[in-house]
Amino acid sequence: VKTDKLIEMLSTGVEPIDRRGPSRMLAVAAAMSVIAALGLMLLALRTRQDLVHAAAWPSLVLKVLFAGLLIVLAMTALGKVVRPGGEAKTSLAVLGLPFAAVMLLAIGALAVSPSSHWRAMVLGSQWLECLISIPLIAVVPFALITCAVRQAAPTNLARAGGLVGLAAGSMSAVGYAFHCTDDTIPFVALWYGGTIALCTLAGVKLGPRLLRW
Amino acid sequence: MLAGLGGDAAAYRTLLDRLSRHLRAYFNRRLSRAGRSGSEAEDLVQETLLAIHTSRHTYDPSEPLTPWAHAIARYKLIDYFRRTRAIGAQVPLEESAAIVAENDDQAGAESSLDLDTLLGQLPDKMQRAIRCVKIEGLSVAEAAQRCGMSESAVKVNVHRGLKALSRAVAGRSQA
Chain A
21 VKTDKLIEML
31 STGVEPIDRR
41 GPSRMLAVAA
51 AMSVIAALGL
61 MLLALRTRQD
71 LVHAAAWPSL
81 VLKVLFAGLL
91 IVLAMTALGK
101 VVRPGGEAKT
111 SLAVLGLPFA
121 AVMLLAIGAL
131 AVSPSSHWRA
141 MVLGSQWLEC
151 LISIPLIAVV
161 PFALITCAVR
171 QAAPTNLARA
181 GGLVGLAAGS
191 MSAVGYAFHC
201 TDDTIPFVAL
211 WYGGTIALCT
221 LAGVKLGPRL
231 LRW
Chain B
205 MLAGLGGDAA
215 AYRTLLDRLS
225 RHLRAYFNRR
235 LSRAGRSGSE
245 AEDLVQETLL
255 AIHTSRHTYD
265 PSEPLTPWAH
275 AIARYKLIDY
285 FRRTRAIGAQ
295 VPLEESAAIV
305 AENDDQAGAE
315 SSLDLDTLLG
325 QLPDKMQRAI
335 RCVKIEGLSV
345 AEAAQRCGMS
355 ESAVKVNVHR
365 GLKALSRAVA
375 GRSQA
């Protein structure tokens, strides 16, 4: 085919385009994903029993704040990365800040506790459930956001995939936080941080396959 | 680009035409550096033009156009090297300004792509919508009447069809 003919074809009857499309698709996918994560938690796990007591709230707020901040950072970065060349405009270092902050808090909490408590503080009572639930619940947000990203044109697929994984894992963690009764900061740092990092890694690996265009 | 995105066909045509020359020079240089033949360049030019068209909604008008187009061209080149298994092919992140500095005007350059065959592999509705609107040049309203679809269905089918076409072009020549 002659290139002239292709250009002729492409420019014939060209429709005006909605330039805010990619951002809006991502926003819709993100909203649906958070709802899906909360819904899955309600269906499969139920909220923690002591939610009505004020004592449950500081830890819940910490978990939601940690994961929520990651959602905001990941989706903001993703909004740029889904546009060609957008990876050059994003800094990944800022994504590490919430992890670093919660790690520091965890070390602080361990430092002021007797070492005989450390094991219980780090492992909690349900670390295995956390390890399994967060990546599992993350599958639905991951699929939803992947669909939105596929409508756009990321040119760094591993990075785009990683950000999708990070956002999906964090959304899942927000949902799981309403169920989880392990309230120590070291637990949140290790098992929330760890599972979210795991989801990110899965995204990095899957991105080039799922997001190619 | 802005006028083209707004639906001005003549402006859009001029834009694609200018971009195609820069793309041709870019791919020729990159391919010859990788020891590939020049005939592959035209395939890549067309593949990239299709990609630019189907992802034109990802262009942010507050940003310059060149880095955006360059990122697509570079992505398509890397993807091409990867699927044709050129191991060790390096595509340096050169300054995106370099892409506009070059110009290669071969009017009527031809690729090995067989658009008709590729078009024939699309679902029937998409084929008809694309033929009416993009090849015969009918308006959306006329095409809607001819194909017995609603106007929005015609638009959706043209859009999805071109995307599918772009995917088919990117998926071809796996060897």
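Those protein sequence lines, which keep their order, are chains A and B. Mapped onto the working numbering, the consecutive letters of the first sequence carry residue numbers 21 to 233. Mapped onto the working numbering, the consecutive letters of the second sequence carry residue numbers 205 to 379. We treat Cβ as the ideally placed atom computed from N, Cα and C, and that holds for glycine. These numbers were taken from a predicted model, which means no experiment stands behind them.
Taking the CB atoms as reference points, tell me whether residue 62 of chain A and residue 93 of chain A lie closer together than 8 Å. No.
Within 8 Å (strictly less), CB to CB, does residue 179 of chain A reach chain B? Taking Cβ atoms only, chain B never reaches closer than 8 Å to residue 179 of chain A, which makes this a no.
With 16 other Cβ atoms within 10 Å as the buried cut-off, status of residue 70 of chain A: By the neighbour-count rule (16 or more Cβ atoms within 10 Å), residue 70 of chain A is not buried but exposed.
Start-end ranges of the alpha helix (DSSP H) lying completely within the segment 34-73 of chain A, minimum 4 residues: If only complete runs of 4 or more residues are kept, the segment 34-73 of chain A shows the alpha helix (DSSP H) at 41-64, in order along the chain.
Could you tell me which of B:232, B:336 and B:249 sits nearest to residue 370 of chain B, measuring between CA atoms? Residue 370 of chain B has its Cα closest to that of B:249, out of B:232, B:336 and B:249.
Assigned exposure category for residue 154 of chain A - 16 Cβ within 10 Å defines buried: Burial call: buried.
Return no unless some Cβ of chain A is closer than 8 Å to the Cβ of residue 360 of chain B. Residue 360 of chain B does not count as touching chain A.
Give the range of the alpha helix (DSSP H) segment to which residue 123 of chain A is assigned. Note, residue 123 of chain A: alpha helix (DSSP H), 113-131.
For residue 78 of chain A, which option in A:58, A:221 and A:201 has the closest C-alpha, if you only look at C-alpha atoms? Minimum Cα distance to residue 78 of chain A is reached at A:201.
According to a CB-to-CB cut-off of less than 9 Å, which residues of the segment 245-274 of chain B neighbour chain A? The segment 245-274 of chain B vs chain A, Cβ under 9 Å: 246, 249, 250, 253, 254, 255, 256, 257, 258, 259, 260, 261, 262, 263, 264, 265, 267, 271, 272, 273 and 274.
Would you kindly report the start and end of the unbroken alpha helix (DSSP H) that includes residue 84 of chain A? For residue 84 of chain A, the uninterrupted alpha helix (DSSP H) segment begins and ends at 77-101.
Using C-beta distances below 7 Å, list every residue in its chain close to residue 281 of chain B, excluding the 5 sequence neighbours before and after it, in chain order. Closer than 7 Å at Cβ, skipping near neighbours: 231, 234, 248 and 295.
Roughly how many whole angstroms lie between the Cα atoms of residue 214 of chain B and residue 193 of chain A? Approximately 51 Å between the Cα atoms of the pair.
Go through the segment 145-228 of chain A residue by residue and report every complete run of the beta strand (DSSP E) that reaches 3 residues or more, in order. Segments of the beta strand (DSSP E) lying fully in the segment 145-228 of chain A: there are none.
With H, G and I counted as helix, E and B as strand and the rest as coil, what does DSSP make of residue 267 of chain B? In this structure, residue 267 of chain B counts as coil in the three-state DSSP scheme.
Cut-off 7 Å between Cβ atoms - residues of its own chain near residue 204 of chain A, not counting five sequence neighbours on either side: The answer, listed in chain order, is 129, 141 and 144.
Since residue 31 of chain A meets chain B, which of its residues come closer than 7 Å, beta carbon to beta carbon? Against residue 31 of chain A, the close residues of chain B are 213, 216, 217 and 220, in the order they occur along the chain (beta-carbon pairs closer than 7 Å).
So, using beta-carbon positions, are residue 261 of chain B and residue 39 of chain A closer together than 8 Å? Contact flag set, yes.
Cβ-based burial, residue 199 of chain A [other Cβ within 10 Å; buried from 16]: With 16 or more other Cβ atoms within 10 Å, it is buried.
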